[in-house]
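Residue numbers (the working numbering): -3 to 1028.
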């Protein structure tokens, strides 16, 4: 008989051992194994044991069949099925998520498996694959199997040429086994995008995103691959959120950047290196993030910090043990009992684990907390252990703290200090009351003999008492009369707890006592003694007594009877003299005020020189009501210029300037000299720009520039230098006319027109500008500049240009090509919108620290062709993303889609720190609500608006006195200017041909003459210096 076993299927895997349980009820019963044909099956790899059954060794697919266990009068059937183990998954190794339409897709898949796997093939499925149809675009490359030891590696490559949008979808790489349903696969979704579409892929091998290594391991690294357009910015971040820079090569980190690949190396691993590392890739439209984890195995680091030196008996204290290490250590607490003279038991007693709790995780560790009841003095120990997998050893560390238990009343604390030669115990009373009065004794025992020694002290606690006067005072508010040469005693006797401190005053000023002085303080400062009285000792004396409770004061007046008397006539004569001086000063003031003559001299240097004009520094007398001399800048046409066109242009400019009005952010007109205009001499006097042009300033400070743009392209205002003073940044003086050849507008670009000035001598109040909108300056000049300074300057330039647009000032036409808009180069059309384009180029100059725009482009035809095809300059290295977007808006091909200067003031101003305060204050000024300004808005913003408010009053007064000439002009908008284009010949398509323009016209050099800049000076160019008039 056979032991009962129901008919069943037996499943196993290839190359394994399997048992068919043919077990008899008696060992003497003969049992045989037959196949389905009824023949006995006795292969050499099959063993029989009556207690187990038939054991098949290393089964193969040939062993898969039906079997019968046969005994006398009994037969049982079994079916043996051989299955494959789980096939390993193939891996698509190409890091591709997006492909551009019309290009070639090349993707590779690999699969590695051991010899026990029976694999049929490795193949591809893709969206456009249709059964029974062939695609000439598609190629399969099946590499020969690679064998290394017991491992086999298969590789297949799929290439699709001229991809279409229909090729978007899921791509599957499948590893197929020999058994039905035996397969595994890897999938990848690939998108087909247009050539102009922005995309970004960031991929790594997920199997290596988490790394575990032993502390002090030499180096680990992660590799990530990217694919995208435009090329992204890639930044690694530590677990603490700090960006890893390329400059850190050779230290803890190393970055290796190759085409489409970036690698981070971490060297000499420490426990603190553990954590999550992040790789961020971003463009202006896309952002991708990959996270990586590093575990550094380290033995525990334990820290048990005592709460105090002495603990009150029966009080409960929460002891905290900080444990760091990986893997996370196991923490145990134990206690060793000691007496107060440090005699301790042998060994520690473990504290049950349920009495300690694990608290919140900390960086690379945990906090273990134990609530300990102070019952006896001893040593508390925190012990932590973990297992280092690499060493396969149990590592432990511990930290101990001594706990001294005392029976102290509330408010008394002990602290203990130990030096090389002594122990010190300090007693501190935090809340002293009268109950603590008494004698205190400190006892100490010698460690070798146990002999006790003690020291005692007595403390008396007194009640606080306010100061009060004692008898014997003469500080009673009366007058003490004396004569010169006699002694004067002022007595201010006081009492109180604590003892009051006395300060003496004479005529409300503290009395200072010198060693050789006639005045002395006696009786602990309670008596002021004047040894020999003098006339200068007369006055009111006051003593002030102060302690912790309050203060009291008393006074007395000291007079000397023998002082000389000043007659009444003296005061009459003195009064008449004062009135006479006031009358003379008023008479001189009226004469100076009614004078209309202004004189100016030229002691200064030449500020600038052009092809036809010159700008000189001068001193003007009487041009302003305050002060005698004002530093000004004088513009004139060169004497040898026989072409009267330039003189007419300067006259036209003067006419517009005289009607323009004044504004804080433009260089304002102060006056003109027209006495000798018939002979071609005209001098236009404007505000002097003390610090020259911004181009030279930026060049000078390139090496000390503070870049506040972070890795994400945003401005980080926390990057600061020392606290600065401030000066104003004026916009370029943007006055022009259709024939203006003096080039004083914004279009004449930053290097020659944008100026950095203190508030000029003509500025209202002659004060400093508002903090937050102005340029930081040290006493010796500009020390350093930052990104915030550039933004503040850009805001002020925009405010000046906004004012000019509101006043309908026509933009200039003679300017360098690289600052001209597309329509200005192509059609000679100049408008407010073309000024917006030029403002965007000026921004590019500022945030590139004075680099020349369109580097490498020297030909106007090439420049125009690139601009018409959509080319725009790349973002400057020191510009935030928000600033670059403003530049791109200014460079829109269609003029009407560019922002107005009012919109630019809002956009750029919103990037400054104080713009919201400025807007709120500006609103109050416009409503006339000046008296109720919010004081929390800041004095600097109010002062800044006060400066321009004075200009606004001057403009309003000028308009009331005469006709507004500029109001008759039409707005210089693009729609009004299209019919006024001049110059150039017509092309076949109706556009104007560009004129021949030299490199000098392409890039206008700075006007300030400096050694080595190639500009002529009056001494070297041979031209006759213009005659400089002395008066006007």
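Yeah, the Cβ is synthetic: ideal placement off N, Cα and C, and Gly gets one too.
* Supposed contact pair residue 489 and residue 468 - C-beta distance, whole angstroms, cut 8 Å -> Position 472 of the chain shown, counted from the first residue, corresponds to residue 468. Position 493 of the chain shown, counted from the first residue, corresponds to residue 489. Sure, about 5 Å apart at Cβ, within 8 Å.
* Under the three-state DSSP convention, the category residue 676 falls into -> In the chain shown, the residue the question calls residue 676 occupies position 680. If DSSP states are grouped into helix, strand and coil, residue 676 belongs with coil.
* Asked: In chain order, what residues of the same chain have a beta carbon less than 8 Å from the beta carbon of residue 563, not counting five sequence neighbours either side?
  -> Indexing the chain shown from 1 puts residue 563 at position 567. Note that residue 563 has pLDDT 44, beneath the 50 cutoff, so the model's placement of it is unreliable and the number below is only indicative. Excluding residues within five positions, none has a Cβ falling inside 8 Å.
* To do: For residue 390, count neighbouring C-beta atoms within 10 Å of its own C-beta (all shown protein chains included) and say buried if the count is 16 or more, exposed if not.
  => For this step, residue 390 is matched to residue 394 along the chain shown. When all chains shown are included, residue 390 counts as exposed.
* residue 453 by DSSP, collapsed to three states: which one? -> The count along the chain shown starts at 1 and reaches residue 453 at position 457. It is a strand residue.
* Asked: What are the boundary residues of the alpha helix (DSSP H) that includes residue 905?
  -> As a first step, residue 905 must be located in the chain shown, where it is residue number 909. Looking at the DSSP string, the run of the alpha helix (DSSP H) that includes residue 905 is 897 to 905.
* To do: Give a yes or no on whether the C-beta atoms belonging to residue 106 and residue 151 are separated by under 9 Å.
  => Locating residue 106 in the chain shown gives position 110, where the first residue counts as 1. Locating residue 151 in the chain shown gives position 155, where the first residue counts as 1. The answer is yes: Cβ separation under 9 Å.
* May I ask you to verify whether the region 551 to 559 touches the region 471 to 489, counting CB pairs closer than 8 Å and requiring at least 3? => yes
* To do: Go through its chain and collect everything with a Cβ distance to residue 695's Cβ below 7 Å, but skip five positions before and after it.
  => Stepping through the chain shown from its first residue, residue 695 is reached at position 699. These residues qualify, in order along the chain: 846.
* Grouping DSSP H, G and I as helix and E and B as strand, with all else coil, what is residue 491? -> By 1-based counting over the chain shown, the position of residue 491 is 495. In this structure, residue 491 counts as strand in the three-state DSSP scheme.
* To do: Identify the continuous alpha helix (DSSP H) that holds residue 29 and give its terminal residues.
  => Taking the first residue of the chain shown as position 1, residue 29 is located at position 33. Run containing residue 29: none in the alpha helix (DSSP H); it sits in the beta strand (DSSP E), 28 to 31.
* CA nearest to the CA of residue 173, picked from 86, 885, 132 -> Counting from one through the chain shown, the residue named residue 173 turns up at place 177. Nearest of 86, 885, 132 to residue 173, Cα basis: 86.
* To do: Measure how close the beta-carbons of residue 395 and residue 340 come, nearest whole angstrom, since I'm counting them as under 8 Å.
  => Here residue 395 refers to the residue found at position 399 when the chain shown is read from its first residue. Here residue 340 refers to the residue found at position 344 when the chain shown is read from its first residue. Not a contact, Cβ separation roughly 17 Å.
* Asked: On the premise that residue 92 lies in contact with residue 103, defined as a C-beta separation below 8 Å, what is that separation, rounded to the nearest angstrom?
  -> The residue labelled residue 103 in the question sits at position 107 within the chain shown. The residue labelled residue 92 in the question sits at position 96 within the chain shown. Contact flag correct, Cβ pair sits at about 6 Å.
* To do: Spatial neighbours of residue 345 within its chain, please: CB distance less than 8 Å, with the 5 preceding and 5 following residues excluded, ordered by chain position.
  => What you label residue 345 is simply residue 349 of the chain shown in a count that begins at 1. 330, 331, 332, 333, listed in sequence order.
* To do: Compare the Cα-Cα distances from residue 295 to each of 710, 327, 83 and report the closest residue.
  => Taking the first residue of the chain shown as position 1, residue 295 is located at position 299. When each option's Cα is compared against that of residue 295, the closest is 327.
* **Collapsed DSSP secondary structure at residue 891 in the structure displayed** => Along the chain shown, read from residue 1 onward, the residue named residue 891 stands at position 895. Here residue 891 sits in helix by DSSP.
* Closest by C-alpha distance to residue 229, when choosing among 206, 213, 253, 208 -> Position 233 of the chain shown, counting from 1, holds the residue named residue 229. The shortest C-alpha separation from residue 229 is found at 253.
* To do: Rank 871, 887, 899 by C-alpha distance to the C-alpha of residue 280 and give the top, closest one.
  => Here the question's residue 280 lines up with position 284 in the chain shown. Among 871, 887, 899, the Cα nearest to that of residue 280 belongs to 871.
* To do: Kindly indicate the opening and closing residues of the beta strand (DSSP E) around residue 392.
  => Taking the first residue of the chain shown as 1, we reach residue 392 at position 396. That run of the beta strand (DSSP E) goes 389 to 402.
* **CA nearest to the CA of residue 1043, picked from 689, 614, 271** => The requested residue 1043 is not part of the displayed model; the chain covers only -3 to 1028.
* Sort 670, 646, 321 by Cα distance to residue 609 and report the nearest one. => Residue mapping note: residue 609 aligns to position 613 of the chain shown, counting from 1. Of the candidates 670, 646, 321, the residue whose Cα lies closest to the Cα of residue 609 is 646.
* To do: Can you check the region 403 to 451 for any beta strand (DSSP E) of at least 3 residues that lies completely inside it and give the ranges in chain order?
  => 408 to 414, 419 to 425, 434 to 441
* **8 Å contact criterion, which residue 10 and residue 31 should meet: CB distance rounded** => Start at 1 with the first residue of the chain shown, and residue 10 comes out as number 14. Start at 1 with the first residue of the chain shown, and residue 31 comes out as number 35. With a beta-carbon spacing of about 20 Å, residue 10 and residue 31 fall beyond the 8 Å limit used to define contacts.
* Are the CB atoms of residue 951 and residue 658 nearer to each other than 9 Å? -> If you number the chain shown from 1, residue 951 lands on position 955. If you number the chain shown from 1, residue 658 lands on position 662. A contact, by the Cβ cut-off of 9 Å.
* To do: Have a look at the DSSP bridge pairing and note the partners of residue 222.
  => Walking along the chain shown from the start, residue 222 turns up at place 226. BP columns for residue 222 point to 198.
* **For residue 167, three-class secondary structure by DSSP** => In the chain shown, counting from the first residue as 1, residue 167 sits at position 171. Of the three classes helix, strand and coil, the one that applies to residue 167 here is strand, per DSSP.
* To do: Consider the Cβ of residue 830: report whether some Cβ of chain C lies at a distance smaller than 9 Å.
  => The structure shown contains no chain C; it is built from a single protein chain.
* To do: Please classify residue 121: is it buried, with 16 or more other beta-carbons within 10 angstroms of its beta-carbon, or exposed?
  => Reading the chain shown from its first residue, position 125 is the one you call residue 121. Result: exposed.
* Asked: Using CA coordinates, which residue listed in 358, 403, 841 is at the minimum distance from residue 370?
  -> Translated into the one-based positions of the chain shown, residue 370 becomes position 374. For the residues 358, 403, 841, the minimum Cα distance to residue 370 belongs to 403.
* Asked: How would you call residue 7, buried or exposed, if buried means at least 16 neighbouring beta carbons within 10 angstroms?
  -> As a first step, residue 7 must be located in the chain shown, where it is residue number 11. Burial state of residue 7 is exposed, judged by a 10 Å Cβ sphere holding fewer than 16 other Cβ atoms.
* To do: Using the Cα positions of residue 996 and residue 690, report the straight-line distance between them to the nearest angstrom.
  => On the chain shown, residue 996 is found 1000 positions in, with the first residue counted as 1. On the chain shown, residue 690 is found 694 positions in, with the first residue counted as 1. In this prediction, residue 996 has a pLDDT of 46, which is less than 50 and means its spatial position is unreliable; nothing more can be read from the coordinates.
* Asked: If you count every other CB in all the chains shown that lies within 10 Å of the CB of residue 453, and 16 or more means buried, which is it?
  -> As a working note, residue 453 is residue 457 in the chain shown. It counts as exposed.
* Which value, in whole angstroms, describes the spacing of the CA atoms of residue 619 and residue 605? -> Residue 619 sits at position 623 when you count from the first residue of the chain shown. Residue 605 sits at position 609 when you count from the first residue of the chain shown. Using only the alpha carbons, I get a separation of about 24 Å.
* So, are the CB atoms of residue 875 and residue 840 less than 9 Å apart? -> Position 879 of the chain shown, counted from the start, is the residue given in the question as residue 875. Position 844 of the chain shown, counted from the start, is the residue given in the question as residue 840. Yes.
* To do: Pull up the DSSP beta-bridge partners for residue 110, would you.
  => Position 114 of the chain shown holds residue 110. Per DSSP, 147.
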